[in-house]
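J.:
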Amino acid sequence: MNKRVVFRHRWLPYALLAPQLFITLIFFVWPASQALYQSLLIEDAFGLASEFVWFDNFIDLFADEHYLASFRTTIIFSVSVAGLSMSLSLLLAVMADRVIHGAMVYKTLLIWPYAVAPAVAGVLWFFMFNPTVGINAYVLHLLGYDWNHYLNGTDALILVIIAASWNLISYNFLFFLAGLQSIPRSLIEAAAIDGASPVKRFWTIVFPLLSPTTFFLLVVNSVFAFFNTFGIIHATTEGGPLQSTTILVYKVFNDGFIGLDLGGSAAQSVVLMAIVIALTVFQFRYIERKVEY
Amino acid sequence: MAGVQLKDVEKVYPNGFKAIHGIDVKVIDGEFLVLVGPSGCGKSTLLRMVAGLETVSGGEIRIGDRVVNDLEPMERNIAMVFQNYALYPHMSCYDNMAYGLRNRGVPKAEIAARVAETARILELEGLLDRRPNLLSGGQRQRVAMGRAIVRKPAVFLFDEPLSNLDAKLRVQMRIEIKRLQADLNTTSIYVTHDQVEAMTLGHRLMVLNGGNMEQLGTPIELYERPATTFVAEFIGSPSMNLLDARVSDDGAVVKLPDGESWTRADGGGRHAGRTVTLGVRPEHFDITGGDDGEAHLHVALVEHLGADTLIHGHIGDDRNALTVRLQGVVTARMGDVLPLRVAAKHLHLFDPETGKRLD
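Residue numbers (the working numbering), protein chains in the order written: chain A, 1 to 293; chain B, 1001 to 1359.
1) Please list, in chain order, the residues of the stretch 101-118 of chain A that have any C-beta partner in chain B closer than 8 Å.
2) Using beta carbons (cut-off 7 Å, strictly below), is Y1099 of chain B in contact with chain A?
3) In whole angstroms, what separates the C-alpha of T1187 of chain B from that of F1032 of chain B?
4) Using the Cα positions of F77 of chain A and V1143 of chain B, report the straight-line distance between them to the nearest angstrom.
5) Which same chain residues, not among the five before or five after T1277 of chain B, have their C-beta less than 8 Å away from its C-beta?
6) Would you decide whether F257 of chain A is buried or exposed? Buried here means 16 or more other CB atoms lie within 10 Å of its CB.
7) Using a C-beta cutoff of 7 Å, does D194 of chain A count as contacting chain B?
8) Using DSSP's beta-bridge definition, name the partner residues of W1262 of chain B.
9) Within a Cβ cutoff of 8 Å, which residues of the same chain sit near L1216 of chain B, ignoring the five residues on either side of it in sequence?
10) Report yes if the CB atom of S70 of chain A is closer than 7 Å to the CB atom of N57 of chain A, and no otherwise.
11) Buried or exposed: where does Q1172 of chain B fall if 16 or more other Cβ atoms within 10 Å of its Cβ makes it buried?
12) Could you confirm whether any beta carbon from chain A is found closer than 7 Å to the beta carbon of G1156 of chain B?
13) Does the beta-carbon of K251 of chain A have 16 or more other beta-carbons within 10 angstroms, so that it is buried, or is it exposed?
14) Going by DSSP, what residue range makes up the alpha helix (DSSP H) through R1114 of chain B?
15) Pull up the distance between the alpha-carbon of V6 of chain A and that of Y14 of chain A, whole angstroms please.
16) First and last residue of the alpha helix (DSSP H) that includes P1238 of chain B?
17) Taking all protein chains shown into account, do 16 or more other C-beta atoms lie within 10 angstroms of the C-beta of P31 of chain A, making it buried, or fewer, making it exposed?
18) Could you name the residues of chain A that I1078 of chain B contacts, counting a contact when the two beta carbons are closer than 7 Å?
19) Along the chain, which unbroken stretches of the alpha helix (DSSP H) at least 4 residues long are found entirely within the stretch 65-101 of chain A?
20) Give me the residue from B:H1314, B:H1298, B:T1323 with the minimum Cα distance to H1304 of chain B.
21) Do the CB positions of A163 of chain A and G122 of chain A come within less than 7 Å of each other?
22) Tell me, to the nearest whole angstrom, how far the beta carbon of I1189 of chain B is from that of L1035 of chain B; I am working on the premise that it is less than 8 Å.
23) With a threshold of 7 Å between beta carbons, is L61 of chain A in contact with chain B?
24) To which residues of the same chain is F126 of chain A closer than 6 Å at the C-beta, ignoring the five residues directly before and after it?
25) Closer than 8 Å, Cβ to Cβ, to anything on chain A: give me those residues from the stretch 1192-1220 of chain B, in chain order.
26) Would you mind stating whether G1313 of chain B and H1296 of chain B have Cβ atoms separated by less than 7 Å?
27) Just to confirm, are V1150 of chain B and V1106 of chain B a CB contact at a threshold of 7 Å?
28) Is the shortest distance between the beta-carbon of V1009 of chain B and the beta-carbons of chain A less than 7 Å?
29) Output, in chain order, the set of chain B residues within a Cβ distance shorter than 8 Å of A178 of chain A.
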């Protein structure tokens, strides 16, 4: 049986597809190909002359220790952000799942941070940790730690990790809560009768059943940490001090628009593009199959 | 091995709804008790209270000689089979059955032996390394049973375990559960809304209605002497006919509103002159001749079931609609008027106000 829709008019299907294709071409394919082309050029800072240099930009890139350091920073940053925000939001979701009174209020409040733009989230935490006037820095000072993200690279990195994680918690929380609520109550009850303590129930029943959600969020969080955190960094540390918070996406901006090394910046974009393609393929490949139910 | 005793058990939900109103029952060791009733009658709640999945608001639950009101489910030495089986989807059948044993620190070799033994009893041997999603409904049901059996608990609790199976499989599993329970001789409490399941499985039945116990007794007691109109209608299929009637002034006959009547067994004058609800089971009618105090059935619809024939109709006015079940194939047509007799011992009298049986 032929279930496909057959159009009588020859051009109608193309006409219907055209707007989508048009948008994809103008806003995705064209810029991406420009970046690809640009990554093979070396341009002078005034944009007056350019030279085609094949893969010199890439060779320079991977020989540049700043770039490799930025790679390392990005990995530390995204692993920490994904780990921190996912574990906190799972904890919150597990607790919210048990709340009986005022559950709606509690859940609604937990969702609020998602409405805060990354840049604003960054600034909020920047203020709270400000070495001069920030309340958190003050508390840390009382505890005997001199917090200063202007001078200390580790402090700065921790600051942007906290801000990015906080921004992601609501999103993760929603997915985890939905995941928890889709686990049949009777499974937990059966495990309770089977003699599993609440902690054991969580690790042997609930957590394995949440694995599709966890896997999905891991990919989404990594993508967020890799690409969407530009605002947080730009509004707070601007990649410093001493490049300690320069993640890849920030370095693209910095080298391209501040350093005016357009070819090198384009080459970095191409590397990022490859990473996001790999992550997407990974997600499509495994996320559908790993479903447990 | 242990009995279960409920003493004046009550359940009140936080919103003030009283789900269980003081249930008393003593389930003896090895007995199969069925809790039966329509949806929302509290039967599952009561079972879950025994399991420890619901708190007890009042009264006392004992398993063996321990009061278990405040014990965790795991400390009660019970096993439960759930309506949706509640198998752990990420574990193989083996792990599903072994989970409870592992949690209790049973040695590995013994776990293997006990799971193998249970699998043999339930004919699950080839399926142990499969995950539940690869099994049919009947096989899942068996694994769920296996998970309960393998632990050798003091009490089995069943929460409508057969309601997700198709009709044929249900009959088969019903027989299997009955056989297993007889072999293992483990005290069991079984919840169902299906009266056939209840009648065939239980040593005793408890009929629940709105959180109250309507009657407790053996299946035959419930069938032969229903304590209330509710039980009378609930047990038996098709359900008992309930007719508005009046006992004659001399107590000898029950009269229907249009003057027709049936002779009573004792005729001893009890309840003379009283308005009653008269109950007669469809299968206790007889349409063969005889003249003494008969009523007449106006046939409205005939259903042929092969072994039986169901005749729906009414006596006199439409208020007294009733169903008659006759053995074999009976030829009757809409509009026929049949003489209807009932042996006197099959007349059940109930108080029309309270619904309670009148003896």
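Even for Gly, the Cβ is constructed at its ideal location relative to N, Cα and C. Predicted model only: the values in this text are computed from it and were never measured.
T.: Looking at the atomic coordinates:
1) Look at the stretch 101-118 of chain A: it has no residue with a C-beta under 8 Å from a C-beta of chain B.
2) Working through the second sequence from its first residue, we reach residue 1099 of chain B at position 99. By this cut-off, Y1099 of chain B is an interface position.
3) Residue 1187 of chain B sits at position 187 when you count from the first residue of the second sequence. Residue 1032 of chain B sits at position 32 when you count from the first residue of the second sequence. Rounded to the nearest angstrom, the two C-alpha atoms are 6 Å apart.
4) On the first sequence, position 77 is the one that residue 77 of chain A refers to. On the second sequence, position 143 is the one that residue 1143 of chain B refers to. Cα to Cα, F77 of chain A sits roughly 46 Å from V1143 of chain B.
5) Residue numbering aside, residue 1277 of chain B sits at position 277 when the second sequence is read from its first letter. These residues qualify, in order along the chain: T1229, L1242, L1243, D1244, A1245, L1349, F1350, D1351, P1352, G1355.
6) By one-based count along the first sequence, residue 257 of chain A stands at place 257. It is exposed - the Cβ of F257 of chain A has fewer than 16 other Cβ atoms within 10 Å.
7) One-based indexing of the first sequence puts residue 194 of chain A at position 194. Judged by the 7 Å Cβ criterion, D194 of chain A is in contact with chain B.
8) Your numbering for residue 1262 of chain B matches position 262 in the second sequence. Answer is B:V1254.
9) In the second sequence, residue 1216 of chain B corresponds to position 216, counting from 1. Excluding sequence neighbours, L1216 of chain B sits near V1025, R1204, L1205, M1206, V1207.
10) Taking the first residue of the first sequence as position 1, residue 70 of chain A is located at position 70. Taking the first residue of the first sequence as position 1, residue 57 of chain A is located at position 57. Cβ distance not < 7 Å, so S70 of chain A and N57 of chain A don't count as in contact.
11) On the second sequence, position 172 is the one that residue 1172 of chain B refers to. By the 10 Å Cβ count, Q1172 of chain B comes out exposed.
12) On the second sequence, residue 1156 of chain B is found 156 positions in, with the first residue counted as 1. Checking the sequence, you will find Phe at residue 1156 of chain B rather than Gly. Not one beta carbon of chain A lies nearer than 7 Å to the beta carbon of F1156 of chain B.
13) Counted from its first residue, the first sequence places residue 251 of chain A at position 251. Burial call: buried.
14) Counted from its first residue, the second sequence places residue 1114 of chain B at position 114. Element bounds for R1114 of chain B: 1108-1121.
15) As a first step, residue 6 of chain A must be located in the first sequence, where it is residue number 6. As a first step, residue 14 of chain A must be located in the first sequence, where it is residue number 14. Approximately 13 Å, taken between the alpha carbons.
16) Mapped onto the second sequence, residue 1238 of chain B falls at position 238. Taken as a continuous stretch (DSSP letters only), P1238 of chain B belongs to no alpha helix (DSSP H), as it is neither H nor E.
17) Here residue 31 of chain A corresponds to residue number 31 of the first sequence, with the count starting at 1. The residue is exposed, with fewer than 16 neighbouring Cβ atoms inside 10 Å.
18) Translated into positions along the second sequence, residue 1078 of chain B becomes position 78. Under the 7 Å cutoff, chain A gives I193.
19) Whole alpha helix (DSSP H) segments, 4+ residues: 65-98.
20) Your numbering for residue 1304 of chain B matches position 304 in the second sequence. Comparing Cα positions, the closest option is B:T1323.
21) Counting from 1 along the first sequence, the entry for residue 163 of chain A is found at position 163. Counting from 1 along the first sequence, the entry for residue 122 of chain A is found at position 122. One thing to note: A163 of chain A has its Cβ within 7 Å of the Cβ of G122 of chain A.
22) Against the second sequence, residue 1189 of chain B aligns to sequence position 189. Against the second sequence, residue 1035 of chain B aligns to sequence position 35. With a Cβ gap of about 7 Å, I1189 of chain B and L1035 of chain B count as contacting.
23) Along the first sequence, one-based indexing puts residue 61 of chain A at 61. Not closer than 7 Å to any Cβ of chain B, the Cβ of L61 of chain A fails to qualify, so no.
24) Residue mapping note: residue 126 of chain A aligns to position 126 of the first sequence, counting from 1. T236, listed in sequence order.
25) Residues passing the 8 Å Cβ filter: none.
26) Numbered from 1 along the second sequence, position 313 holds the residue referred to as residue 1313 of chain B. Numbered from 1 along the second sequence, position 296 holds the residue referred to as residue 1296 of chain B. Not a contact, by the Cβ cut-off of 7 Å.
27) Position 150 of the second sequence holds residue 1150 of chain B. Position 106 of the second sequence holds residue 1106 of chain B. Contact flag unset, no.
28) The sequence position of residue 1009 of chain B within the second sequence is 9, counting from 1. Not closer than 7 Å to any Cβ of chain A, the Cβ of V1009 of chain B fails to qualify, so no.
29) Walking along the first sequence from the start, residue 178 of chain A turns up at place 178. Near A178 of chain A there are no residues of chain B at all, since even the closest Cβ is about 17 Å away, more than 8 Å.
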